[in-house]
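Q: Here's a structure for you.
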Amino acid sequence: MEDMLTEIRSYSLFHEYLNVVGVATPSPARFVQDWEYKDADRLLARIKTDPQGHTRYYIDARAISVN
């Protein structure tokens with residue numbers, strides 16, 4: 888399932904994505920730990936901290952595509 892996620896390097900774009908899919912942005916204090924949002928069994932967003940301490944943002948862009 889993780890291969891369906893796309894890394895997005897901008898926190899502001901990640902925040903906007905969460906707003907579009909109707910999810911409250913987690914507080915920055917939670918970024919220390921990994922965070923993810925699932926809708927049913929589908930992973931829509933994830934925040935991970937890499938071994939160097941950099942925060943990485945991932946989204947499932949299919950959630951905002953228009954069919």
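Sequential numbering of the sequence shown, starting at 888, is according to this note's numbering.
Quick reminder that beta carbons are idealized off the backbone N, C-alpha and C, glycines included.
1. Assuming the contact rule is C-beta atoms closer than 8 angstroms, I946 and T893 should be a hit. Round their C-beta distance to whole Å, please.
2. What first and last residue would you give for the alpha helix (DSSP H) that runs through L931?
3. Could you round the C-beta distance between A950 and L931 to whole angstroms and report it? I think they count as a contact, below 8 angstroms.
4. So, at 8 angstroms on beta carbons, what are the nonlocal neighbours of D937 in its own chain, with the 5 sequence-adjacent residues on each side left out?
5. The alpha helix (DSSP H) that contains L905, what's its start and end?
6. Can you give me the C-alpha to C-alpha distance between R933 and M891, rounded to a whole angstrom?
7. Pick out whichever of G909, Q920, S952, V910 has its Cα sitting closest to the Cα of H955.
A: To lay it out plainly:
1. Between T893 and I946 the Cβ distance is about 6 angstroms, and since that is below 8 angstroms, they are a contact.
2. No alpha helix (DSSP H) contains L931, which is instead part of the beta strand (DSSP E) from 929-936.
3. Cβ atoms of A950 and L931 come within 8 angstroms of each other, at about 5 angstroms.
4. If we look at D937 and ignore the five residues flanking it on each side, its Cβ neighbours are R943.
5. Counting along the chain, the alpha helix (DSSP H) containing L905 begins and ends at 898-907.
6. One C-alpha to the other measures close to 11 angstroms.
7. Absent from the structure is residue 955, since the part of the chain shown begins at 888 and ends at 954.
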